[in-house]
Structure formats: structure tokens, C-alpha cells
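K.L.:
Numbering (the numbering used here), first residue to last: 133 to 239.
The beta-carbon is built from N, C-alpha and C at its ideal position, and this holds for glycine as well.
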Amino acid sequence: MKRKKILFLQDNAPAHKSITTMAKINDLRLQLLPHPPYSPDLAPSDYYLFPNLKRWLINKKFNSREEIIDAAEEYFADLSENYFSDGIKKLENRWHKCIDLKGDYIE
């Protein structure tokens with residue numbers, strides 16, 4: 133059976149570049165993709181998850197912290213698996229744009 137090639141993308145934070153981390157990446161035979169210093173353009177939470185949540189929250193009013201937590205939990209529970217995979221699928225194109233722009237902002 134032929135294994136799929138696994139590509140691994142992580143930002144260049146010092147903890148992610150430690151000797152231990154890099155050794156494990158090599159042990160797992162992951163291909164590490166180049167990544168500019170922390171880029172919100174490459175963080176799915178920054179370009180996909182939170183902007184959509186923010187739009188959903190517009191004009192909603194809450195009376196307590198618990199109401200906010202309940203609403204956020206309901207929002208995430210109602211999302212389909214496709215929602216999350218769609219956000220991850222956008223990453224490849226965003227990564228190419230970010231690398232082409234030498235880490236400059238995409239949007």
C-alpha cells in the first residue's frame with residue numbers, strides 16, 4: 133500500500149524550531165514547509181474560524197458570561213464537518229500566496 137506524503141506546516145516560533153521538535157519531525161518523515169514568522173494569513177482560526185464567528189455574533193446581545201459560552205458552544209456544535217475541512221482546504225492556496233509575497237499580508 134502506498135503512503136500519502138504528509139506535509140507539515142507550523143509557524144517559526146522558537147518552540148517549534150527546537151532541536152527536540154525538529155528531531156521528531158525528521159523521525160516522522162514529515163516534509164516541513166517554509167513558513168514566514170507568525171502570519172495570521174496562515175492560521176485557519178484567524179482567516180476562517182473567528183471571522184465567521186464574529187459575523188454570526190453581530191447584533192446578538194448577552195446578559196451573562198454563561199450566555200456567551202452557551203451561544204459559542206451552540207454555534208460550533210451546529211457546524212458541519214465540511215465547514216472545518218473547507219477552512220483547512222483554503223490553507224494550501226493561502227500558503228502559496230503568502231510564500232509568493234515573501235510573508236507579506238495576503239489581505
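Specify, as a first and last residue, the run of the alpha helix (DSSP H) that N184 falls within.
P.N.:
Taking the sequence shown and counting its residues from 1, the one referred to as residue 184 is at position 52. Taken as a continuous stretch (DSSP letters only), the alpha helix (DSSP H) holding N184 covers F182 to L189.
K.L.:
What is the C-beta distance between K192 and A209, in whole angstroms, given that I count them as a contact (C-beta under 8 Å)?
P.N.:
Translated into the one-based positions of the sequence shown, residue 192 becomes position 60. Translated into the one-based positions of the sequence shown, residue 209 becomes position 77. No, K192 and A209 are not in contact; Cβ-Cβ is about 16 Å, not under 8 Å.
K.L.:
Note down the Cα distance separating I220 from Y179, rounded to an integer number of angstroms.
P.N.:
Indexing the sequence shown from 1 puts residue 220 at position 88. Indexing the sequence shown from 1 puts residue 179 at position 47. Rounded to the nearest angstrom, the two C-alpha atoms are 10 Å apart.
K.L.:
I'd like the list of long-range same chain contacts for P172, defined as Cβ closer than 6 Å, with 5 residues on each side in sequence excluded.
P.N.:
Along the sequence shown, read from residue 1 onward, the residue named residue 172 stands at position 40. Counting only Cβ-Cβ distances below 6 Å, and skipping sequence neighbours, we find D178.
K.L.:
Can the beta-carbon of F140 be found less than 8 Å from the beta-carbon of L162?
P.N.:
Position 8 of the sequence shown, counting from 1, holds the residue named residue 140. Position 30 of the sequence shown, counting from 1, holds the residue named residue 162. In this structure, L162 lies closer than 8 Å to F140 by Cβ.
K.L.:
Compute the beta-carbon to beta-carbon distance between L165 and W227, rounded to the nearest angstrom, for a pair I have assumed lies under 8 Å.
P.N.:
What you label residue 165 is simply residue 33 of the sequence shown in a count that begins at 1. What you label residue 227 is simply residue 95 of the sequence shown in a count that begins at 1. Right, the Cβ-Cβ distance comes to about 7 Å (below 8 Å), so this counts as a contact.
K.L.:
Here's a check: name, in chain order, each residue in its chain whose Cβ is nearer than 7 Å to the Cβ of P176, leaving out the five neighbours to either side.
P.N.:
Counting from one through the sequence shown, the residue named residue 176 turns up at place 44. Within the same chain, P176 has close Cβ partners G219, I220 and L223.
K.L.:
Per DSSP, what kind of secondary structure is F194 in: helix, strand or coil?
P.N.:
Mapped onto the sequence shown, residue 194 falls at position 62. Three-state result, F194: coil.
K.L.:
Return helix, strand or coil for L164, following the three-state DSSP convention.
P.N.:
Looking up residue 164 in the sequence shown gives position 32. Reduced to three states, the DSSP call for L164 is strand.
K.L.:
Per DSSP, F140 is paired with what?
P.N.:
In the sequence shown, the residue the question calls residue 140 occupies position 8. According to DSSP, F140 bridges with L164.
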